[in-house]
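Those sequence lines, one after another, are chains A and B.
FYI, the numbering for the first sequence is 772 to 916, going by my numbering.
FYI, the numbering for the second sequence is 883 to 1521, going by my numbering.
Written out below as structure tokens is the structure these notes cover.
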Amino acid sequence: MAIFKTRDELITCLGILYDQAKRDPRIAPKIKDSGLVIQFRYDEPEAVATIIASRPPTQEGAYFDVVWDDDPGVKPDIEMSMKADVAHQFWHGKVNLMAALTRRQIIAKGPIPKILKLLPAVTPMYDMYPRVLRELGREDLIIQK
Amino acid sequence: MRSPMYAYAGRMLRVDLSRGILEPWEPPQELYHDYIGGSGIAARLLFEVVREIPDLDPFDPRNPLIIMTGPATGTALPGSNRFVTCALSPLTGIWGESNCGGYFGPWLKRAGYDGLIITGQAPRPTYLSIVDGVAALHDASDLWGLDSYETTDLLTERHKADQGRPPQVFAIGQAGEQLVRFAAIVNNKGHIAGRTGMGAVMGSKRLKAIVADGHARQTPADQQALRGLTQRINERLRDNIMMQALKEMGTAAELEIKMFMGDVPSRNWTVGEWRQAVDTLGGSAMYSTILVDTKTCYACQVKCKRVVEVPRNPFMVKRGAGPEYEACVTFGSLILNDNLEAVAKANDLCNRYGLDTISCGATIALAYECYEKGLISYEETGGVPLIWGDATGAIELIHQIAGRRGLGHELAEGSLRFAQRRGSEALEGLTTVKGLEAPMHDPRGTHALGLAYATSVIGASHMNGIIFAVASGQVFYDSIPGLEPFMSDDPRSPHRKALMTVNGQNIDQIYGQALALCHFSGNVYSEYDLALALTALTGVQRSVGDLLEIGDRLWNLKRAIGCLRGLTAADDKLPARLMTPLKDGDAAGLVPDMQTMLAEFYELRELDEQGYPKRERLERLGLEDVSEVLHSHRARVAD
């Protein structure tokens, strides 16, 4: 059974995570500096999130925009496709990226060096995500260490 | 009457350097059938020597240096560029083997030989040429003292007229001449047979280099099946994102991914996560700084080899082979050095001198720790302080080691002998298993690696057995117990890790060591592809079960050689440093449960309490004579 029952539930949980990340000085500047458009394509339930670091952000305090739309109007440099369950585990720091890529649980398209270079930048999100779920009253979704 | 020998040349060259005799030899076909090729055949040949002289000194002229190709070597199969160099190791004293890519293996087969068995000691520096089946020994007095790159250039120039094209050269540098116990042998200025000190064995024979070229072609039994397999594997390689990462960023791409998985050691294995290494030493850092080109081996589209250039001092490096992941760690995070140019310099020096970057870097990191503890003085280093974060000292030590000068003379013996001389505080920082320095993957992050290191037939190695690749999720085999896809999900428990290790060792004895396929291209072969490859090459029908059984035979044969050389169960352990929990990083507080894993491993392998393979197992594997020799030896030792 899928972790997120609906698209709205997925967007609520991951949306807040991305919103916090785009303002976090430990994470966001490196993504902004990359100048990339990174698209996450989720399945079960379906949703598309696009990080747009190729242009100035539209919100104050943010380093880049995050758009939840199937067609955000910009061409992604990097595309990461996965089931929403895999994303949920990934942001808990519970996914062996190498294994997930080998088994095609995560399908990545785009310039490999740029993808790998961003990995260290996002590691603080592993602690951030369970906190977000707790704040949302969704302790039931937190994967225990 | 010999049957047709598909995929093999069917003959080897015996070289007696003492007497200057070169003798082609057609091995019995059973040798090929039962031991496949590569280090499988080499192990059988070395066993014949060790059974007669179990206590042979690795520098004794009778220690054979055996250079072997596999049946895949030189074909169009992706990754079919490897060959192995084997002998009793001067570093560990037990079975030594070093697996190398590049071009020399395919060229040796073109020269008309599956392998070389080199014994004796030349009266003066010598090199061997083999061109279209014709072998000759030449005076190498003018080459002695040159580095491996200079030797390669000179011999390439000297012999390119033989065939109207450059030959392939396999050469030692000054480190091999000086019998540095972790000396390497170098092909084509960047492909290195690094592990277990095979360069020192070559140096002890006063053999500076081997030149190979020719036009021989070995025919596979089923060309059509091989062509189909080649096409499928090439398609998979193109689609595989890990291969794309290797192509784009080289092996150093691992650093980005694995620093946060508790895999990358820092500060001589006492720090679990050193973040700045990711930005400064990893594949993407190299990509955007010193990388100028990429290179490949024979029959490989992955092109993981880096070409780098550092145009400025103090770490100037001429355009040439760049550091692999292992060197980025040994000369990087292991001494807390975040200067990639310094890493490139250290790597370049090791290649030129002919030094294994793993053992050399690990030994130097131990020296840094000893300097900090006051066990090495400023005077001993020749006036260069060994300060964490400053690679200048490491680079000076590389020069000293290769020339056996000053402190380098002691370090050239390897970290175990060095630590034993320096006492208990030095021994605390030791990272060897059976005398071989551990590679740069931390078993505290991936516990199966602990068992793999402890039980590898050559000492701590991540490439002798595919445990590392399976445990980290890069490879899996659906039908082989312990190597299934889910085995990477649970990297920090002892559960089924013995099974993973046994079958990972067994399959790799075929795939990496006997068939001699590249461990990277080889990642996309399924177990059925491996069986098909061997069948199509040799014409002998082989199933996956056959591969595992032959692999088991080879592992046990190599283990038996170790036991005849004094190896016991007490040697199947990790050093204390690798069993000390880290305070930081993803693997903080964890160590592998060696006791549980080893107990299961011993049961699965049928090893007795002394660590010897039991008679029944050896006999089931067709190693009756090995069993007889080994257990007679055991009885004598017990007396």
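Glycine included, C-beta positions come from ideal geometry on N, C-alpha and C.
Can you list, in chain order, the residues of its chain whose CB lies under 7 Å from that of residue i, leaving out five sequence neighbours each side?
{"i": "A/Y900", "result": "L788, W862, H863"}
{"i": "B/L1222", "result": "T1162, L1163, A1167, M1168, T1171, I1172"}
{"i": "B/P946", "result": "L927, L928, V931, A969, I999, I1000, T1001"}
{"i": "B/C1182", "result": "P960, G961, N963, C1400, S1403"}
In this structure, what does DSSP give as the bridge partners for residue i?
{"i": "B/M1187", "result": "Note that residue 1187 of chain B is Lys in the sequence shown, not Met. DSSP, once it has assigned bridges, lists B/K1177 as partnering B/K1187."}
{"i": "A/T821", "result": "A/Q810, A/V838"}
{"i": "B/C968", "result": "B/I948, B/E979"}
{"i": "B/Q1050", "result": "B/A1094"}
{"i": "B/W907", "result": "B/M894"}
{"i": "B/T1314", "result": "B/E1319"}
{"i": "B/L1414", "result": "Answer by DSSP bridge pairing: none, since B/L1414 is not bridged."}
{"i": "B/I1074", "result": "B/V1068"}
{"i": "B/V1266", "result": "BP columns for B/V1266 are empty, so no partner."}
{"i": "B/V1199", "result": "B/V1192"}
{"i": "B/P1495", "result": "B/L1489"}
{"i": "B/L1298", "result": "The partner list for B/L1298 (beta bridge, DSSP) is empty, contrary to what the question assumes."}
{"i": "B/L1237", "result": "B/A1065"}
{"i": "B/L1089", "result": "B/T1008"}
Keeping to the same chain, check which residues put their C-beta closer than 6 Å to that of residue i; ignore five residues upstream and five downstream.
{"i": "A/Q860", "result": "V866"}
{"i": "B/H1515", "result": "L1446"}
{"i": "B/G1355", "result": "S1370"}
{"i": "B/A1017", "result": "L895, L904"}
{"i": "B/E1134", "result": "The residue asked about is misnamed: residue 1134 of chain B is Ala in this sequence, not Glu. For B/A1134, where only same-chain residues beyond five positions count, the Cβ hits under 6 Å are G1164, G1165, M1168, Y1207, C1210."}
{"i": "B/E1295", "result": "R1063"}
{"i": "B/G1467", "result": "G1144, G1154, E1155"}
{"i": "B/E1130", "result": "none"}
{"i": "B/A1224", "result": "F1197, A1273"}
{"i": "B/L1108", "result": "P1102, A1418"}
{"i": "A/K880", "result": "E850"}
{"i": "B/A1127", "result": "A1135"}
Based on Cα-Cα distance, which residue from the options lies nearest to residue i?
{"i": "A/Y834", "options": "A/I849, A/I782, A/I802", "result": "A/I802"}
{"i": "B/G1164", "options": "B/A1226, B/K1185, B/V1093", "result": "B/A1226"}
{"i": "A/G786", "options": "A/P800, A/L868, A/A855, A/S805", "result": "A/A855"}
{"i": "B/R1118", "options": "A/D814, A/E815, A/R875", "result": "A/R875"}
{"i": "B/R1234", "options": "B/K1071, B/T1383, B/T1462, B/D939", "result": "B/K1071"}
{"i": "B/G1015", "options": "B/G997, B/L1028, B/S1030, B/A1022", "result": "B/G997"}
{"i": "B/I918", "options": "B/L1436, B/K1129, B/V1406", "result": "B/L1436"}
{"i": "B/T1383", "options": "B/G1404, B/H1344, B/E934, B/A1091", "result": "B/H1344"}
{"i": "B/Y888", "options": "B/E1501, B/A1452, B/L1416", "result": "B/L1416"}
{"i": "B/P886", "options": "B/Y914, B/R901, B/W907, B/L1025", "result": "B/Y914"}
{"i": "A/P800", "options": "A/D779, A/E817, A/I822", "result": "A/I822"}
{"i": "B/G1444", "options": "B/V897, B/L1010, B/P936", "result": "B/P936"}
{"i": "A/F811", "options": "A/R797, A/T829, A/D779, A/I878", "result": "A/I878"}
{"i": "A/I809", "options": "A/V903, A/L872, A/P843", "result": "A/P843"}
{"i": "B/K1087", "options": "B/P1147, B/N1116, B/R1006, B/L1128", "result": "B/R1006"}
{"i": "B/A1247", "options": "B/L1231, B/D1272, B/E1262", "result": "B/D1272"}
{"i": "B/R1114", "options": "B/T1239, B/G1404, B/R1304, B/I1217", "result": "B/G1404"}
{"i": "B/K1090", "options": "B/A1057, B/H1073, B/L1257", "result": "B/A1057"}
{"i": "B/L1037", "options": "B/T1008, B/G1214, B/E1498", "result": "B/T1008"}
{"i": "B/T1328", "options": "B/R1099, B/A1469, B/S1259", "result": "B/A1469"}
Please report the Cβ distance between residue i and residue j, rounded to the nearest whole angstrom; I am assuming they are in contact, meaning their Cβ atoms lie under 8 Å.
{"i": "B/G978", "j": "B/T1078", "result": "3 Å"}
{"i": "B/R1188", "j": "B/G1132", "result": "4 Å"}
{"i": "B/L1419", "j": "B/P953", "result": "4 Å"}
{"i": "B/V1051", "j": "B/V1093", "result": "5 Å"}
{"i": "B/G987", "j": "B/A1398", "result": "7 Å"}
{"i": "B/L1414", "j": "B/I1392", "result": "That pair is no contact at about 13 Å."}
{"i": "B/P1321", "j": "B/A1342", "result": "7 Å"}
Might you give, ordered along the chain, the residues of its own chain that have their beta carbon closer than 8 Å to the beta carbon of residue i, omitting 5 neighbours on each side?
{"i": "A/L907", "result": "T783, C784, I787"}
{"i": "A/D840", "result": "V819, T821"}
{"i": "B/L870", "result": "A query on residue 870 of chain B cannot be resolved here, the shown segment of chain B reaching from 883 to 1521 and no further."}
{"i": "B/L1312", "result": "L1248, S1297, L1298, A1301, P1457, A1458, R1459"}
{"i": "B/G1522", "result": "Here chain B comprises residues numbered 883 to 1521, so residue 1522 of chain B is not present and cannot be evaluated."}
{"i": "B/N1116", "result": "P960, Q1183"}
Going along the chain, which unbroken runs of the beta strand (DSSP E) with 3 or more residues stay wholly within the stretch 836-904 of chain A? 836-839, 849-854, 877-880
Starting from the N-terminal side, write out each stretch of the beta strand (DSSP E) that is 3 residues or longer and does not extend beyond the stretch 990-1045 of chain B. 997-1001, 1008-1013, 1016-1021
Please list the segments of the alpha helix (DSSP H) lying wholly inside the stretch 1109-1164 of chain B, counting only runs of 4 or more residues, in order along the chain. Listed in chain order, the complete alpha helix (DSSP H) runs (minimum 4 residues) inside the stretch 1109-1164 of chain B are 1123-1131, 1135-1140, 1158-1163.
Would you list, in sequence order, the uninterrupted alpha helix (DSSP H) runs of no fewer than 4 residues that lie entirely inside the stretch 1332-1363 of chain B? 1349-1353
Write down every uninterrupted run of the alpha helix (DSSP H) in the stretch 1434-1492 of chain B whose length is 4 residues or greater and which is fully enclosed by it, in chain order. 1476-1487
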